[in-house]
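A.B. asks: Here it is, the structure, as structure tokens.
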Amino acid sequence: MAARTRRELMAGVLQRQGAAIVLVVMVAIAWLSYPHFGTADNLRELALQSSFLAVIALGMTFVIISGGIDLSVGSVYALGGVLAAYGSQWGFVVALLLPLAVCGLIGLINGLLIAKTGMAPFIVTLASLLFARGLLLAITQEGATTYKIAPDSAFLELGRGTFLGLGIPVYVALILCVAGTVLLKQTRFGQSVFATGGAESSALLMGLPVARTKVSVYTMSGLLAGFAGAMTAAYLQSGVTVIGIGLELDAISVVVIGGTLLVGGAGTILGTVIGVLLRNVIQNIINQIGTLDSNFQSVVSGAFLLVVVVIQRFLARARK
């Protein structure tokens, strides 16, 4: 009995803290092996690039914990960037609110279809992926790959501004992740998200607003993906139609790597942030090596995700 208890305890620790342990090991290896990794410029760039994905993955965390999946975030992210660039001609407010309104509406429709009709999240969000990608191409017209933001637009500060040496997107991502943690852990809404993903039938019997919870998490996912796209457009000084392809898989992978169960019912925002950092540290190490093809990053990410899912299954069995 004591041996079983120790095994369950160890399995629980690894399931919750495994990604953090691997991250510490990878950072230590990179710091000792590649002198450029620990420079201030590289760390600032690592934090900046992580911030965009962290915002998208924040919304994906809520969706997956609720037992769903959102395949549309990559296209919605790109659409948000194009809409922000398009709206920038009318000033900062329109450049920010336009992508939030349209992308939030796409998320809302996803949630309503899933919650009210019982359609599979995979099918609904796959359709939204195609719709959002088609819409952004229609906005840019004539096959253009970018939609430029005016060089003197105040909106550019959202992506290119800095404070105390770090980009504004880093602070925005931190604030959103802290707010997301409070929402998930300290509110009735967060309890409903966990209950819906853990056992939807039981949540219904308890009188929890399951349908409203599903609509809320998909709307949140759309809003955050669109907002991340707007920040990226401000950083790149243009909306780019070809970005975000496959980004939904990156968002799902970092959430799962961070310890969120793919079947729903368990997960943390901190784990997702660690997953984002771990993914980007691995990519940074590949760039430091220099002799590996950049496409190798996808191979590593895919293999790492597969290993994490297998480990999750093993640890879940060990805790039973």
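If you read the sequence shown in the numbering used here, its first letter stands for residue 1, the second for the next number, and so on.
Positions of the beta carbon are idealized from the N, C-alpha and C atoms, including for glycine.
For clarity, every value in this text was computed on a predicted model and none was experimentally measured.
#1: Which of the three DSSP states, helix, strand or coil, is assigned to GLY167?
#2: Tell me the DSSP secondary structure of THR260 in three-state form.
#3: Would you say LEU100 and VAL215 are within 8 Å of each other, going by their C-beta atoms?
#4: Among residues of its own chain, excluding the 5 on either side of VAL281, which ones have a beta-carbon nearer than 8 Å to its beta-carbon?
#5: Within a Cβ cutoff of 7 Å, which residues of the same chain sit near ALA303, ignoring the five residues on either side of it in sequence?
#6: Could you check what DSSP says for GLY244 in three-state terms: helix, strand or coil?
#7: Using DSSP's beta-bridge definition, name the partner residues of GLY239.
#8: Apart from the five residues on each side of it in sequence, which residues of its chain come closer than 8 Å, Cβ to Cβ, to LEU112?
#9: In the DSSP assignment, what are the bridge partners of THR162?
#10: Taking the C-alpha atoms as reference points, what is the distance between THR241 and LEU136?
#11: Which residues in the same chain have their Cβ closer than 6 Å to the Cβ of GLU248, if we skip the five residues on either side of it in sequence?
#12: Between which residues of its own chain and LEU176 is the CB-CB distance below 7 Å, once the five residues before and five after are set aside?
#13: Would the beta-carbon of GLY159 fall within 8 Å of that of MET220?
#14: Keeping to the same chain, check which residues put their C-beta closer than 6 Å to that of VAL102; ignore five residues upstream and five downstream.
#15: Run through DSSP, which three-state label would ASP70 get?
#16: Within the same chain, show all residues whose beta-carbon is closer than 7 Å to that of ILE245, passing over the 5 residues directly before and after it, in chain order.
#17: Excluding the five sequence neighbours on either side, which residues of its own chain have a C-beta within less than 7 Å of the C-beta of GLY264, listed in chain order?
#18: Could you tell me whether the region 262 to 278 touches the region 178 to 191, using the rule of 3 or more Cβ pairs below 8 Å?
#19: Would you report the Cα separation of GLY207 and ALA138, rounded to the nearest angstrom?
#20: Buried or exposed for LEU96, going by 16 or more other Cβ atoms inside 10 Å?
#21: Mark ASP250 as exposed unless 16 or more other C-beta atoms lie within 10 angstroms of its C-beta, in which case mark it buried.
#22: Following the continuous alpha helix (DSSP H) through THR196, name the residue where it begins and the one where it ends.
#23: By how many angstroms is the C-alpha of LYS116 removed from the C-alpha of ALA211?
#24: Cβ atoms of GLY165 and ARG279: under 8 Å apart, would you say?
#25: Determine the direct distance from the alpha carbon of LEU204 to that of GLN191, and round the result to whole angstroms.
#26: Put GLN231 into one of helix, strand or coil per three-state DSSP.
#27: Which one of PRO151, SER33 and ALA19 has the shortest CA to CA distance from ILE286?
#28: Could you give the DSSP three-state label for TYR34: helix, strand or coil?
#29: Express the C-alpha separation of LEU79 and ASN110 in angstroms, rounding to a whole number.
#30: Any beta carbon from chain C within less than 8 Å of GLY197's own beta carbon?
#31: Out of curiosity, what's the CA-to-CA distance linking GLY222 and VAL76?
#32: Whole-angstrom Cβ separation of PHE52 and ALA233, contact assumed at under 8 Å?
#33: Using three-state DSSP, classify GLN141 as helix, strand or coil.
C.D. replies: Looking at the atomic coordinates:
#1: When DSSP states are grouped into helix, strand and coil, GLY167 belongs to the strand group.
#2: DSSP places THR260 outside both helix and strand once states are collapsed to three, so it counts as coil.
#3: Cβ distance not < 8 Å, so LEU100 and VAL215 don't count as in contact.
#4: Excluding five sequence positions before and after VAL281, the CB atoms of its chain that fall closer than 8 Å to its own CB belong to LEU23, MET26, VAL27, ALA30 and LEU46, given in chain order.
#5: If the five residues before and after ALA303 are omitted, its C-beta is found closer than 7 Å to no C-beta atom of its own chain.
#6: Coil.
#7: TYR147, per the DSSP bridge assignment.
#8: Same-chain partners within the cutoff: VAL215.
#9: Its beta-bridge partners are GLY167.
#10: Per the coordinates, the alpha-carbon of THR241 lies some 7 Å from the alpha-carbon of LEU136.
#11: Taken in chain order, the residues that qualify are LEU71, VAL73 and GLY74.
#12: Excluding residues within five positions, the ones whose Cβ falls inside 7 Å are VAL55 and LEU58.
#13: No.
#14: Short of 6 Å from the beta carbon of VAL102, and not among the five residues preceding or following it, lie these beta carbons of its own chain, in chain order: LEU83.
#15: The three-state secondary structure of ASP70, taken from DSSP, is coil.
#16: Cβ neighbours of ILE245 within its own chain (closer than 7 Å, five residues either side excluded): GLY74.
#17: Taken in chain order, the residues that qualify are ILE64, ILE65, SER66, GLY67, GLY197 and GLY198.
#18: For the pair of segments examined, the region 262 to 278 was found to touch the region 178 to 191: the number of CB pairs separated by less than 8 Å reaches three.
#19: Roughly 44 Å separates the two Cα atoms.
#20: Label assigned to LEU96: buried.
#21: Buried, by the Cβ-count rule.
#22: For THR196, the enclosing alpha helix (DSSP H) begins and ends at 188 to 198.
#23: Here the C-alpha atom of ALA211 lies approximately 7 Å from the C-alpha atom of LYS116.
#24: Going by C-beta atoms, ARG279 is not nearer than 8 Å to GLY165.
#25: Roughly 13 Å between the two C-alpha positions.
#26: Going by the sequence as given, residue 231 is Met instead of Gln. It is helical.
#27: Taking only the C-alpha atoms, the option nearest ILE286 is SER33.
#28: The answer is coil: DSSP assigns TYR34 none of H, G, I, E or B.
#29: The alpha-carbon of ASN110 is positioned some 16 Å away from that of LEU79.
#30: Any reference to chain C falls outside this structure, which holds one protein chain only.
#31: About 7 Å.
#32: Going by Cβ atoms, the distance from PHE52 to ALA233 rounds to 11 Å, so no, they are not a contact pair.
#33: GLN141: coil per DSSP, three-state reduction.
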